[in-house]
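Per my numbering, residue 144 is the first one in the sequence shown, and the count goes up by one each step. Every residue gets a Cβ at the ideal spot worked out from N, C-alpha and C, and that includes glycine. Written below as structure tokens is the structure these notes are about.
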Amino acid sequence: TISSAIKIAIDERQSEDRLKQAHKKIYIIIAGGEYTYEHEYGAINGNASIITLAGFAQNFYTDLEILGGYLSDDPCLEISKNIQIRNEQSGGAPERVTVLDGQTKSNHVVEIASGASNILLKGFSIQNGKAVEDLPRQEYKKMGGAILVRTHAKNISLENLQISSSEADMMGGCMAIIDNVQDINFTNVQFTGCVAKRGGGALYIGDDVNDVVTRNFSIKKSLATGANAFGGGLLIAARAKNIFFIDGTIS
144 TISSAIKIAI DERQSEDRLK QAHKKIYIII AGGEYTYEHE YGAINGNASI
194 ITLAGFAQNF YTDLEILGGY LSDDPCLEIS KNIQIRNEQS GGAPERVTVL
244 DGQTKSNHVV EIASGASNIL LKGFSIQNGK AVEDLPRQEY KKMGGAILVR
294 THAKNISLEN LQISSSEADM MGGCMAIIDN VQDINFTNVQ FTGCVAKRGG
344 GALYIGDDVN DVVTRNFSIK KSLATGANAF GGGLLIAARA KNIFFIDGTI
394 S
């Protein structure tokens, strides 16, 4: 177990010149193992995420790929050797998964901030996320227990992910895609055992979200618990459009 958190933040505090010099395709490779939430100030209930991708990245990076599931810490591994969540020889069981565990302390295990673009997240098990917030003006923090995709993000791909045991005070116990997001692609993504109080126990797709495609997608054992909640597994807002589910199950 690796106790320290992964913190990837690309924002205006970093050197603009250094970012401009970066290669247009960036890979971040994370070895198999368990990564847990640890607030930098030692708070028990902080508001940070294990992985944060800020919108400033869009100005400099054509592609950013964050890849888990590697079998060693060898930095010379070829990119093509990234393994999938399932292992064919063991009947679909994980071989050595990279686990991001929010321990129900982090406010979203993964947050893709407003304006971020061209991001691939692949090969992770994400669990025990929690989305809560006391401030009424920051209701977005009550959505997306494990993964939150914020407004105006675009071209986000999620592959070979297991997302489980997460909760939200509003919508999207496992994941929330909030307003004005474009081009989201899911491939081999499993949501299990998530809870939201207002709707979309596993997944919430918000207003003006456009072009969502899912392949080999499943939602299991997820609930919306509020008195007037909708969508125990999935909630799609009225103005979302071009939402396609291919080879998916909700049970």
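Boundaries of the beta strand (DSSP E) in which residue i is found, first to last residue
i: E302; result: 297 to 307
i: T368; result: Note, T368: premise wrong, no beta strand (DSSP E); not H, not E.
i: S394; result: Run containing S394: none; DSSP gives neither H nor E here.
i: L196; result: 194 to 196
i: Q333; result: 325 to 335
i: M260; result: Before going on, a small fix: residue 260 reads as Ser here, not Met. Looking at the DSSP string, the run of the beta strand (DSSP E) that includes S260 is 260 to 270.
i: M318; result: 318 to 320
i: L291; result: 290 to 292
i: V253; result: 253 to 255
Assumed close pair residue i, residue j - CB separation to whole angstroms, cut-off 8 Å
i: I327; j: I320; result: 6 Å
i: R293; j: I255; result: 7 Å
i: G342; j: A367; result: 5 Å
i: G315; j: G266; result: Not really, about 22 Å apart at Cβ, beyond 8 Å.
i: S300; j: G272; result: Going by Cβ atoms, the distance from S300 to G272 rounds to 20 Å, so no, they are not a contact pair.
i: G175; j: T241; result: 5 Å
i: Q363; j: T330; result: Checking the sequence, you will find Lys at residue 363 rather than Gln. About 18 Å separates the two Cβ atoms, so there is no contact after all.
i: L257; j: A296; result: Reading off the sequence, residue 257 comes out as Ser, not Leu. Correct: roughly 7 Å between the Cβ atoms.
i: T252; j: L243; result: Strictly speaking, residue 252 in this sequence is Val, with Thr absent from that position. Indeed, because the Cβ distance is near 5 Å, the residues count as touching under 8 Å.
Exposure of residue i, with buried meaning 16 or more beta-carbon neighbours within 10 Å
i: I389; result: exposed
i: S365; result: buried
i: L377; result: buried
i: N371; result: exposed
i: Y283; result: buried
i: L278; result: exposed
i: A200; result: Any reading at A200 must be qualified, since the residue scores a pLDDT of 44, below 50, and its modelled position is unreliable; the value itself is stated next. Buried.
i: T357; result: buried
i: Q281; result: exposed
i: K168; result: exposed
i: S394; result: exposed
i: G369; result: exposed
i: I306; result: buried
i: I379; result: buried
i: F387; result: exposed
i: T108; result: The structure shown does not extend to residue 108, since the chain is modelled only from 144 to 394, so the question has no answer here.
i: K285; result: buried
i: T392; result: exposed
i: I171; result: exposed
i: E385; result: According to the sequence as given, residue 385 is Asn; it is not Glu. Classification for N385: exposed.
i: K150; result: Below a pLDDT of 50, predicted positions are generally treated as unreliable, and K150, at 41, falls in that range; the measurement from the model is reported next regardless. Exposed, since its Cβ has fewer than 16 Cβ neighbours within 10 Å.
Residues sharing a beta bridge with residue i, DSSP
i: K248; result: K248 pairs with nothing; no bridge assigned.
i: K384; result: N353
i: Y283; result: For Y283, which the question treats as bridged, DSSP gives no partner whatsoever.
i: K364; result: For K364, which the question treats as bridged, DSSP gives no partner whatsoever.
i: G342; result: M314, F373
i: D433; result: Past the edges of the chain, shown from 144 to 394, lies residue 433, and the structure says nothing about it.
i: V242; result: E177, S268
i: L378; result: Y347
Cβ of residue i within 8 Å of any chain B Cβ
i: I362; result: No chain B is part of this structure, which consists of one protein chain only.
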